[in-house]
Amino acid sequence: MSTSIGLGLPASPPPVLAPRRKTRQLMVGNVGVGSDHPISVQSMTTTKTHDINATLQQIAQLTAAGCDIVRVACPKTIDAEALPIIAKKSPIPVIADIHFQPKYIFSAIDAGCAAVRVNPGNIKEFDGRVKEVAKAAGDAGIPIRIGVNGGSLDKRILDKYHGKATPEALVESALWEAGLFEEHGFGDIKISVKHSDPVLMVEAYRQLAEQCDYPLHLGVTEAGPKFMGTIKSSVAFGALLSQGIGDTIRVSLSADPVEEIKVGDQILQSMNLRPRKLEIVSCPSCGRAQVDVYKLAEEVTAGLEGMEFPLRVAVMGCVVNGPGEARDADLGVASGNGKGQIFVKGEVIKTVPESQIVQTLIEEALRIAEEQGLEEIEGTKAEVKVTQ
Ligand code: SF4
15 MSTSIGLGLP ASPPPVLAPR RKTRQLMVGN VGVGSDHPIS VQSMTTTKTH DINATLQQIA
75 QLTAAGCDIV RVACPKTIDA EALPIIAKKS PIPVIADIHF QPKYIFSAID AGCAAVRVNP
135 GNIKEFDGRV KEVAKAAGDA GIPIRIGVNG GSLDKRILDK YHGKATPEAL VESALWEAGL
195 FEEHGFGDIK ISVKHSDPVL MVEAYRQLAE QCDYPLHLGV TEAGPKFMGT IKSSVAFGAL
255 LSQGIGDTIR VSLSADPVEE IKVGDQILQS MNLRPRKLEI VSCPSCGRAQ VDVYKLAEEV
315 TAGLEGMEFP LRVAVMGCVV NGPGEARDAD LGVASGNGKG QIFVKGEVIK TVPESQIVQT
375 LIEEALRIAE EQGLEEIEGT KAEVKVTQ
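Residue numbers (our numbering): 15 to 402.
Structure (structure tokens):
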């Protein structure tokens, strides 16, 4: 029997599909944005921004779900007036989202927001105000996101492209505005070129990535309700992230914004762009299943929800293929004849009645987490012993 001794060597990072595209670096509050920093997940509050308590409450929920940066709308003067308190009390950086009214850009900067998002397509006479905006943002030391959107493209560009928000049109609009900022010596710029069609969106970001070194904020705009929006965002982000493109992401859903964070976090985890936490590997069920796999998988997922420890848990509907199919899992169950075989790393460690499967899996998950934690401590001790 061999005994393994931890030498304290860091584990090699899990493989990714492509290295990150090199970008210039920005700071949005205390969150670094760009290729030297992890990809961050954003969302946007759905409260009336002037309802300060409700907005801060939602920001707290988003923060708890893992949101890195939050955006708030600023359509009216009362919303602009609420920004100083929100920016001060929010636990995560706040970006003010400005459409139509250039005066709110300056209010947001004065309020201490960590960044401002502007949509040059719908801010009146924006080009003429760029110098002032660049100076105000530069003096405050905050970045600007140029957020171009297929649904509100600059009319001049839209006319040039015969009324169609093509990828080329989105890119041209974004780079045109970025160029105006650069003329005034301002380069702390992040860009998004969102479109509701994932194919056009992917193509726009690909073209943009080739033509500049600005960090890119990914989004499929108006992606739809939870199911459809999740799929559209996942395929589009997957296509871009697999090429190293994307520095911040926002999954737009017609749903509670906490769901956006959960989906965004899971997309990054699935691509090894964030450390994986709990992963449920459950079979799709088939004619061999001897248990309600869907219900069992849901109960196990709910029972283990919130676990921060990286753990792969397999839920299999039968003992024929179950353990074999889940050999790579840390822990799992294969059900049959009213019982569940609980296995760890493919080895059956016990058999329990069906009613105790979920409870047993939770107990075993906690035991494994604790043991792995202890192993790390032992590994540290072993390292000390070896080096002395
Ligand atoms: S584990 Fe069993 S029940 Fe599930 S899909 Fe495979 S064979 Fe079917």
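Glycine is no exception: its CB is placed at the ideal position from the N, C-alpha and C atoms.
For clarity, every value in this text was computed on a predicted model and none was experimentally measured.
By Cβ distance, which residues of its chain are closer than 6 Å to Leu267, with the 5 residues on each side in sequence left out? Counted from its first residue, the sequence shown places residue 267 at position 253. Only Lys240, Gly243, Glu273, Glu274 meet the Cβ criterion.
Three-state secondary structure (DSSP) at Ala122? Here residue 122 corresponds to residue number 108 of the sequence shown, with the count starting at 1. Helix, per DSSP.
Near Gln72, which residues of its chain fall below 6 Å by C-beta distance, leaving aside the five closest residues on each side in sequence? On the sequence shown, residue 72 is found 58 positions in, with the first residue counted as 1. Closer than 6 Å at the Cβ level, and outside the excluded window around Gln72, lie Thr59, Thr61.
Cβ-Cβ distance between Leu214 and Ala188 below 8 Å: As a position in the sequence shown, residue 214 is number 200, starting the count at 1. As a position in the sequence shown, residue 188 is number 174, starting the count at 1. Contact: no.
Simplified DSSP assignment, three categories, for Glu384: For the purposes of this step, residue 384 is taken as the residue at position 370 of the sequence shown. Looking at Glu384 - three-state DSSP - the assignment turns out to be helix.
Under the DSSP definition of a beta bridge, which residues are partnered with Glu293? In the sequence shown, the residue the question calls residue 293 occupies position 279. Answer by DSSP bridge pairing, in chain order: Arg326.
Pairing CB atoms from the segment 139-159 with CB atoms from the segment 178-187, are three or more of them under 8 Å? no
Short CB-CB distance (under 8 Å) between Arg264 and chain E: In summary, chain E is missing from the structure at hand, where a single protein chain is found.
With a threshold of 8 Å on Cβ separation, who are the neighbours of Ile112 within its own chain once the five nearest residues in sequence on each side are excluded? The residue you call residue 112 lines up with position 98 of the sequence shown. Same-chain partners within the cutoff: Cys88, Tyr118, Ile119, Ala122, Val130, Arg131, Val132, Asn133, Ile137.
Are the segment 64-71 and the segment 35-44 touching, with three or more C-beta to C-beta distances below 8 Å? no
Report the three-state DSSP secondary structure of Ser349 (helix, strand or coil). The residue labelled residue 349 in the question sits at position 335 within the sequence shown. Reduced to three states, the DSSP call for Ser349 is strand.
So, using beta-carbon positions, are Gly164 and Ser206 closer together than 8 Å? As a first step, residue 164 is located in the sequence shown; it is residue number 150 there, counting from the start. As a first step, residue 206 is located in the sequence shown; it is residue number 192 there, counting from the start. In this structure, Ser206 does not lie closer than 8 Å to Gly164 by Cβ.
Nearer than 7 Å: is that true of the beta carbon of Val45 relative to any heavy atom of the ligand SF4? Here residue 45 is taken as the residue at index 31 of the sequence shown, counted from 1. Result no, Cβ not under 7 Å from the ligand SF4.
Alpha helix (DSSP H) segment containing Asn67, residue limits: Looking up residue 67 in the sequence shown gives position 53. Segment 66-79, the alpha helix (DSSP H) holding Asn67.
When you compare each of Glu312, Val333, Gly360, Gly338 to Asn403 by their alpha carbons, which one comes out closest? This structure cannot settle anything about residue 403, because the visible part of the chain is limited to 15 through 402.
Do Cys297 and Met321 have their C-beta atoms within less than 8 Å of each other? Numbered from 1 along the sequence shown, position 283 holds the residue referred to as residue 297. Numbered from 1 along the sequence shown, position 307 holds the residue referred to as residue 321. No; because the gap between Cβ atoms is not below 8 Å, this pair is not in contact.
The ligand SF4 and Gly354: does any heavy atom of the ligand fall closer than 7 Å to the residue's C-beta? The sequence position of residue 354 within the sequence shown is 340, counting from 1. No; taking the cut-off as 7 Å, the Cβ of Gly354 has no heavy atom of the ligand SF4 nearer than that.
Cβ-heavy atom distance, Asn335 to the ligand SF4, below 7 Å: Translated into positions along the sequence shown, residue 335 becomes position 321. Under cutoff, so the answer is yes.
Quick one: Cα of Glu384 to Cα of Leu194, how far? Here residue 384 corresponds to residue number 370 of the sequence shown, with the count starting at 1. Here residue 194 corresponds to residue number 180 of the sequence shown, with the count starting at 1. In a straight line, the C-alpha of Glu384 is about 56 Å away from that of Leu194.
For Val307 and Cys300, the rounded distance between their alpha carbons: Along the sequence shown, read from residue 1 onward, the residue named residue 300 stands at position 286. Along the sequence shown, read from residue 1 onward, the residue named residue 307 stands at position 293. For Cys300 and Val307, the distance between alpha carbons rounds to 9 Å.
Given a cut-off of 8 Å on the beta-carbon distance, is the pair Leu292 and Gly260 in contact? Taking the first residue of the sequence shown as position 1, residue 292 is located at position 278. Taking the first residue of the sequence shown as position 1, residue 260 is located at position 246. No, Cβ-Cβ distance for Leu292 and Gly260 is not below 8 Å.
Between Ser266 and the ligand SF4, is there a pair consisting of the residue's CB and a ligand heavy atom that are separated by less than 7 Å? Walking along the sequence shown from the start, residue 266 turns up at place 252. No, the beta carbon of Ser266 sits no closer than 7 Å to any heavy atom of the ligand SF4.
What does the Cβ neighbour count give for Arg264, buried or exposed, with the cut at 16 atoms within 10 Å? The residue given as residue 264 occupies position 250 in the sequence shown. With 16 or more Cβ atoms within 10 Å of its Cβ, Arg264 is classed as buried.
Shortest alpha-carbon distance to Cys81 belongs to which of Pro324, Thr374, Val314, Asp279? Taking the sequence shown and counting its residues from 1, the one referred to as residue 81 is at position 67. Cys81 has its Cα closest to that of Asp279, out of Pro324, Thr374, Val314, Asp279.
Put Leu97 into one of helix, strand or coil per three-state DSSP. For the purposes of this step, residue 97 is taken as residue 83 along the sequence shown, with counting starting at 1. Three-state result, Leu97: helix.
For Pro289, which residues of its own chain have a beta-carbon under 7 Å away from its beta-carbon, when the five flanking residues on both sides are left out? Walking along the sequence shown from the start, residue 289 turns up at place 275. Cβ within range, chain order: Pro324.
What did DSSP end up calling Lys178 once you bin it into helix, strand or coil? Walking along the sequence shown from the start, residue 178 turns up at place 164. In the structure shown, Lys178 sits in coil (DSSP, three-state: anything other than H, G, I, E or B).
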